[in-house]
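According to the UniProt record's numbering, the sequence shown is numbered sequentially starting from 1.
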Amino acid sequence: MIAALQTLQRWLADDRREVLVVLTCGAVGLGGEGVRDLAGAAVWGLVRSAQAEYPGRVVLLDSDGSVAADAVVGAGEPQLVVRSGVVYGARLAVVNSGLTLPDRLWRLGVGGGGTFEEVAARPCPRVDLAARQVRVAVGAVGVNFRDVLVALGMYPGGGELGAEGAGVVVEVGPGSRGCPSVTR
1 MIAALQTLQR WLADDRREVL VVLTCGAVGL GGEGVRDLAG AAVWGLVRSA
51 QAEYPGRVVL LDSDGSVAAD AVVGAGEPQL VVRSGVVYGA RLAVVNSGLT
101 LPDRLWRLGV GGGGTFEEVA ARPCPRVDLA ARQVRVAVGA VGVNFRDVLV
151 ALGMYPGGGE LGAEGAGVVV EVGPGSRGCP SVTR
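See the structure below:
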């Protein structure tokens, strides 16, 4: 890993136009394939970070040797996997999350077992607002480290998910001032 880091640093410090090819075998898996080269997998993580900062300067290639590296490197792909003569590039795909949202008001909640599998859409009954409270129609939420700790049951004193969000104020509690209804 240290040798890979040093080589990468030297390469990126130079303004050369050539592309560095980092060749591994078994550092990534396709489909049900297992990873056989754990050190190589760590190198892939390191190089992927460098690729974000230096696009086009480094290509990752995990190959079984069935296709010559120079035959695939010019494809313009930053990460390639070769298996049995077939070249694969990284692609995003739509995945069904398996999360079914209720038709009524809901919020994300956690179970008591401290696993991500227990995060689920839970009913969130509408309650009357007290003074100095607002109701927000949430349009976006952020997931931060605190939420991860809450989901894993590791946050001191427990807690609820959703410390960050953005939306529209749709209702204000009685006696509230300075926050008109329908405020973004």
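We treat Cβ as the ideally placed atom computed from N, Cα and C, and that holds for glycine.
Owing to the predicted nature of the structure, the values given are computational and were not obtained by experimental measurement.
Asked: Beta-carbon proximity of R83 to L20, cut-off 8 Å; Found: no
Asked: Exposure label - T24; buried when at least 16 CB within 10 Å; Found: buried
Asked: Inter-residue spacing [alpha-carbon to alpha-carbon] between E77 and R91; Found: 11 Å
Asked: Short Cβ contact (8 Å threshold) for V136 with V170; Found: yes
Asked: Those residues which DSSP pairs with D62 across a bridge; Found: T24, V81
Asked: Alpha-carbon spacing of R126 relative to F116, whole angstroms; Found: 26 Å
Asked: Beta-carbon spacing of V22, L61 below 8 Å; Found: yes
Asked: Opposing strand residues paired with W106 [DSSP bridges]; Found: P123
Asked: Simplified DSSP state of R91, which is helix, strand or coil; Found: coil
Asked: Where V138 falls, given that 16 or more other Cβ within 10 Å makes a residue buried; Found: exposed
Asked: Same chain, Cβ closer than 6 Å to A130, five either side skipped, listed in chain order; Found: G173
Asked: DSSP-derived helix/strand/coil call for R135; Found: strand
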